[in-house]
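**Student:** Below is a structure I'd like to ask you about.
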Amino acid sequence: MALPRSAAAAFVRTSFRTPQRLASSSQSLTRAISRPQFIARTRQPTFTATRSLTNSSSSDSKLYDFQQIQKLSSSPSKEKVLIDVREPSEYTAGYIPTAINLPIKSQPDALFLPAEEFLDRFGFEKPQAEQEVVFYCRSGVRSQAAASLARQVGYKQVSEYRGSWMDWEKNGGQGAKP
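FYI, UniProt numbering numbers position 95 of the sequence shown as 95, with every residue one higher than the one before it.
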């Protein structure tokens, strides 16, 4: 613990005077050093983190199952866009036919981009706000995040394939490769 500069200077000045003053000065210095210091602390607000068992995006999204995705994949429509939000390495290993790749983890701003910049970055047209966007990923977690982002951007028809790629493979869905 550092001494205040004035206390140290006073000790040095008085210690050279007399041995008796030295003893009393050292005792008072010892008391000053060993005296507990009370520091006033301001109260900081505390926050308790809580997790809800419900997710608002689940009630806002239309949910697709395997048969519905299989039908969408085999009969594509201009009104609906199937979007794989996994990373490019996952996408190239296999994807649901007709799906486009928008990697949500590495490109979270994708849906916020202007149409021209989106086209430059991804090589295909940005889904239109009036189209239904159907998101899937590997297990359903990233697709939920993508659905939430799509609603923030202004998409009204936001859907999810919660089973995602794992469900597609489990049910014998045929994967495509680029």
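For every residue, glycine included, the Cβ atom is placed at its ideal position computed from N, Cα and C.
Output the residue ranges of the beta strand (DSSP E) runs that lie fully inside the stretch 77–134 and measure 3 residues or longer, sorted by chain position.
**Tutor:** List check, beta strand (DSSP E) in window: 80–84.
**Student:** Would the stretch 107–119 count as touching the stretch 159–178 if we require 3 or more Cβ pairs under 8 Å?
**Tutor:** Short answer: they don't touch.
**Student:** Could you please give me the residues that DSSP links to residue 176 through a beta bridge?
**Tutor:** Answer by DSSP bridge pairing, in chain order: 95.
**Student:** Taking DSSP as the reference, what is the three-state secondary structure of residue 148?
**Tutor:** If DSSP states are grouped into helix, strand and coil, residue 148 belongs with the helices.
**Student:** Using the Cβ count rule (16 or more neighbours within 10 Å means buried), how would you classify residue 128?
**Tutor:** Flag for residue 128 reads exposed.
**Student:** If you reduce the DSSP assignment to three classes, tell me which class residue 170 lands in.
**Tutor:** It is helical.
**Student:** If distances are taken between C-alpha atoms only, which option among 153, 173, 177, 143 comes closest to residue 62?
**Tutor:** Selected option, being the one with the closest Cα: 143.
**Student:** Considering only the alpha carbon of each residue, which of 76, 80, 94, 78 lies closest to residue 173?
**Tutor:** Looking at the Cα atoms, 94 is the closest of the given residues.
**Student:** State the Cα-Cα distance for the pair residue 155 and residue 102, rounded to the nearest angstrom.
**Tutor:** C-alpha separation (whole angstroms): 15 Å.
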